[in-house]
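Worksheet: the structure to be examined is printed underneath.
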Amino acid sequence: MAQGSSLLTIHSSNSSRVLRIEVPARSYLTATLEGHGLSGSVEVWLETGDAEGLAQFFGELGCVETPWDGVRAWASIESDLLLSATCTRLGAVTFHISMSGLQGSSEEWRLQAGLETEFGQLRRLATEAEALVDEGAT
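The sequence shown begins at 29 in this note's numbering and counts up by one.
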């Protein structure tokens with residue numbers, strides 16, 4: 029499989045918003061959030077074990093069989109990408125996404141947004157996340 033061919037994609041069920049996470053090079057992954065009035069991306073270095081943690085986060089979500097209470101979360105080691113997920117009793121899953129860059133500088137930036145999707149998408153996301161880890165390891 030060629031590098032950059034694995035992609036994790038979360039489409040909003042309520043708007044044009046979409047989160048894409050891919051591995052364009054062995055050393056990092058790129059997360060891009062676009063749609064419904066915003067656009068931003070961040071690179072997360074893979075040498076820190078972030079890819080495995082991300083795959084575990086989505087893997088655990090993919091194993092959930094019923095809607096849950098509380099928040100499930102993952103953050104990159106440098107906190108430049110944070111993802112959390114909540115679920116309603118009816119199975120609407122909301123991902124809360126936070127991206128940041130240039131931390132500590134005078135031009136630091138942060139993008140935060142929510143993205144709602146269906147509970148039935150979680151197994152697909154777990155499979156896509158596992159493929160990203162495999163992609164980053166090759």
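Glycine included, every Cβ here is placed at the ideal spot set by N, Cα and C.
- Between A120 and E144, the C-beta spacing is below 8 angstroms.
- In this chain, the beta strand (DSSP E) harbouring E62 covers Y56 to G63.
- In this structure L57 is not in contact with G68, their Cβ atoms being roughly 15 angstroms apart against a cut-off of 8 angstroms.
- Bounds of the alpha helix (DSSP H) holding G90 are D78 to C91.
- According to the DSSP secondary-structure assignment, L36 is paired through a beta bridge with I49.
- By the C-beta density criterion, S104 is buried, having at least 16 other C-beta atoms within 10 angstroms.
- In the three-state reduction of the DSSP assignment, Q149 falls in the helix class, which pools H, G and I.
- For W102, the uninterrupted beta strand (DSSP E) run begins and ends at R100 to A103, by DSSP.
- In terms of Cα proximity to G65, the closest of L153, I49 and R45 is R45.
- Around the C-beta of D97, fewer than 16 other C-beta atoms lie within 10 Å, and the residue is accordingly described as exposed.
- Distance from the CA of A53 to the CA of T116, rounded to the nearest whole angstrom, comes to 36 angstroms.
- Here the alpha carbons of G129 and A154 stand approximately 26 angstroms from one another.
- In this structure A59 touches M127 by the C-beta definition: roughly 7 angstroms separates them, less than 8 angstroms.
- Rounded to the nearest whole angstrom, the C-alpha separation of V72 and L118 is 33 angstroms.
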